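Residue numbers (the working numbering), protein chains in the order written: chain P, 1 to 325; chain H, 1 to 433. All C-beta atoms, glycine included, are put in the ideal place defined by N, C-alpha and C. Predicted model, so just to flag it, every value in this text is computed and none were measured. Okay, so here's the structure we're looking at.
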């Protein structure tokens, strides 16, 4: 099953020639022209109702004072930019935003590196080894987030954790009773590893699919020309990986920036709030504190940061859906 | 085909319009009844899972129905998990329940927002003279009573009678010094077993710390009207914290310093048979008995002792309040219901079930079991966490008191740094931003 799917159209293939009957289009009845749009309409309307409207609501709420009392009484109190001023004037917000950004970048980069490594490795493994690796990846991927989180909590437990016990057994006595959750940095590292563990399978499979679509004879040609492994990777694998890599980077940034369950389950953003990220802040303000207006403002700010980070990719996506990314 | 498309478009437009209405949260529903309507009515009651025993509610609803012939009681048991969100949604709807049970740490959030009916004028009807003071405070906001006590529980020390006897401890400790002496004796007798723990006490059992702080005359915060100021940096609070460390050091507990009594669940560890004491709630004996059924007969309890010999330390009381949502359409019926449930007759059922009744001083039913009796003995001196909506964030998970304990016990911070950091964090939470 290695090279059966190499019949992909080259990216820059010319568009199909205009159909001979195209000139007559203007004389068709109006309903024929409107039909495709009408058929699109239900989907568009559904998207607007389910995605657009809530998004508009969040933006509107971010300009309102909406606490439990206002919500229950159905009052609408506009407060302008008060919620934003409240959030942005809190020095804590900037610390949390920076922490979230550093966390996201670190986790995305390490996920991509590990995922790419595994993808390249899979191409070189014998069938049985590869299949067992793939089964392991799928299992890691399919385990529910909270289950994996609990397992990680056990592994990193101060007294009974297998990690500390192993380290002591290997002679690192200072790890006896070492608390991995004593500082924010250490806690976020454990959370990062947890997120990495769950994110790598998808990245690895996606990139492996990209490698499979590379024609095998190209590698053979490269080998005949005397290319080293690295040169073959640069010249042959890289071109087919690049668009996929761009795509998974984009997706990973979105996922890792918003990650909440793992951060919350490990230490609720502690100790001393040092592993609090923006989604945790959102939860604390909104769900725990019932300050829905302030929390909507945090949500809008998160959206702005995300759009700023992924701007380049989105422009490419919107402008030229057919060109290579 | 075209008419079909048109219908589709029309349907979508309607759907959008409906969604629009739902989202904007129309504010016309101020439908509180001024005159009691006649005819059949329904009283919706939401109580929590594991609170009122079925024997209580069955008898209560039968009695209520006798005096309210045309009223149907719609009794629904709610789950604690996600109850805040569920209540928020229910209270803002037109079909709000008429009687709700809320956790006493959540009560201030609802009381302060004016979403509950003011019950100040009716306290006399609800057995007001016999209220448990901690739960009364929880339901009080700005001098008005928005929620009435329901039931509570407080921690005590569960101990192994057989181990105490073997170690030559004649009577349960009645002062801090006697408690420490008991630990020394237990260690002398059983200390050769490396897995033995005279007292299992994790670093973040902050309810226990509160008892020590109250006992020193301190508190978490000082109240001034509706404003709370944290007082964890007071000398009293520091003395309480120092005693907590003294206990941890003296007992040599192997419990984690960065976790609370739930992770791992302490009752399970007590059930393992190598622990002589835990600070726990009475029903944790039953949890421990799941690991070892014989432990129930070997276990008794004594109240958390005070620094002054012969007295018990004040305790934190967790529990529930009852309230009537401001949007309830049948507040007159709801008040009748509260009046009935707060009588000694039904409150006595709580004592039988091993809980402290909220509106009755009769705890005689708790005396039969020594484990419950120890809780009842300390219950007269109960306190609650500051009744401020700012406590909600702390309740949700980021608790500065837990962080303070871990930082101080592990030596990461000095006692002054740990208490002043926690104090600042509490004040920030109280300010509600």
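query	result
Comparing alpha-carbon positions, which option in H:105, H:305, H:117 and H:222 lies nearest residue 98 of chain H?	H:117
Is it the case that the segment 200–211 of chain H contacts the segment 404–413 of chain H, given that we only count it when at least three CB pairs across the two stretches are under 8 Å?	yes
For residue 288 of chain H, which residues from the same chain have a beta carbon less than 6 Å from its beta carbon, with the 5 sequence-adjacent residues on both sides left out?	267, 270, 271 and 295
For my contact list, residue 47 of chain H and residue 358 of chain H are in at a C-beta cut-off of 8 Å; report their separation, rounded to the angstrom.	Their Cβ separation, rounded to whole angstroms, is 13 Å, which puts residue 47 of chain H and residue 358 of chain H out of contact at 8 Å.
Say whether the segment 60–70 of chain H touches the segment 41–52 of chain P, bearing in mind that this needs 3 or more beta-carbon pairs closer than 8 Å, one atom from each stretch.	no
Quick one: any contact between the segment 291–306 of chain P and the segment 77–91 of chain P, if contact means 3 or more CB pairs under 8 Å?	yes
Use the C-beta contact count for residue 124 of chain P: other C-beta atoms within 10 angstroms, 16 or more gives buried, fewer gives exposed.	exposed
Are the C-beta of residue 265 of chain H and some C-beta of chain P separated by less than 9 Å?	no
Since residue 426 of chain H contacts residue 220 of chain H with CB under 8 Å, what's their CB separation in whole angstroms?	7 Å
Please name the residues in the segment 241–262 of chain H whose beta-carbon is closer than 9 Å to at least one beta-carbon of chain P, in chain order.	254, 255, 256, 257, 258 and 259
Would you mind stating whether residue 388 of chain H and residue 108 of chain H have Cβ atoms separated by less than 9 Å?	yes
How big is the Cα-Cα spacing for residue 263 of chain H and residue 256 of chain H?	9 Å
Would residue 403 of chain H count as contacting chain P if we go by Cβ distances under 9 Å?	yes
Is the separation between the beta-carbon of residue 91 of chain H and that of residue 72 of chain P shorter than 9 Å?	yes
Would you say residue 385 of chain H faces chain P, with C-beta separation under 9 Å as the test?	no
Relative to the C-alpha of residue 114 of chain H, which residue among H:326, H:186 and H:84 is closest?	H:326
Give me the chain P residues within the contact set of residue 104 of chain H, using Cβ-Cβ distance strictly less than 8 Å, ordered along the chain.	The contacting residues do not exist; residue 104 of chain H stays about 17 Å from chain P at best.
Under 9 Å between C-beta atoms, does residue 68 of chain P make it to chain H?	yes
With H, G and I counted as helix, E and B as strand and the rest as coil, what does DSSP make of residue 41 of chain H?	strand
Could you name each continuous alpha helix (DSSP H) segment of 4 residues or more that falls completely within the segment 256–312 of chain H, going from the start of the chain to the end?	266–271, 284–291 and 295–298
Residues in the segment 145–174 of chain P with C-beta within 7 Å of chain H's C-beta atoms, listed in sequence order?	158 and 159
To the nearest angstrom, how far is it from the Cα of residue 190 of chain H to the Cα of residue 283 of chain P?	47 Å
From the DSSP output, in three-state form, read off residue 22 of chain P for me.	With a pLDDT of 47 at residue 22 of chain P, under the threshold of 50, the modelled position of that residue is not reliable, and the figure given next carries that caveat. It is helical.
Identify, in the order they occur along the chain, each residue of the same chain with its Cβ nearer than 7 Å to the Cβ of residue 312 of chain H, setting aside the five sequence neighbours on each side.	303, 304, 305, 306, 377, 378 and 381
On the three-state DSSP scale, how would you describe residue 328 of chain H?	coil
Note the first and the last residue of the continuous alpha helix (DSSP H) segment covering residue 166 of chain P.	162–169
Within 10 angstroms of the Cβ of residue 299 of chain H, are there 16 or more other Cβ atoms? Answer buried if so, exposed if not.	buried
Is there a Cβ of chain P sitting closer than 9 Å to that of residue 398 of chain H, yes or no?	yes
Report buried or exposed for residue 297 of chain H, applying the criterion of at least 16 other Cβ atoms within 10 angstroms of its Cβ.	exposed
What is the DSSP secondary structure of residue 348 of chain H, reduced to helix, strand or coil?	helix
Would you check if the segment 145–163 of chain H and the segment 358–375 of chain H touch, i.e. whether three or more CB-CB distances between them fall below 8 Å?	yes
So which residues of chain P does residue 92 of chain H contact, with C-beta pairs closer than 9 Å?	68, 71, 72, 73 and 74
Taking 9 Å as the threshold (beta carbon to beta carbon), is residue 390 of chain H in contact with chain P?	yes
In the DSSP assignment, find the alpha helix (DSSP H) that holds residue 203 of chain P and state where it starts and stops.	184–212
Specify the secondary structure class of residue 410 of chain H as computed by DSSP and reduced to three states.	coil
Check whether the Cβ atoms of residue 256 of chain P and residue 108 of chain P sit closer than 9 Å, and answer yes or no.	yes
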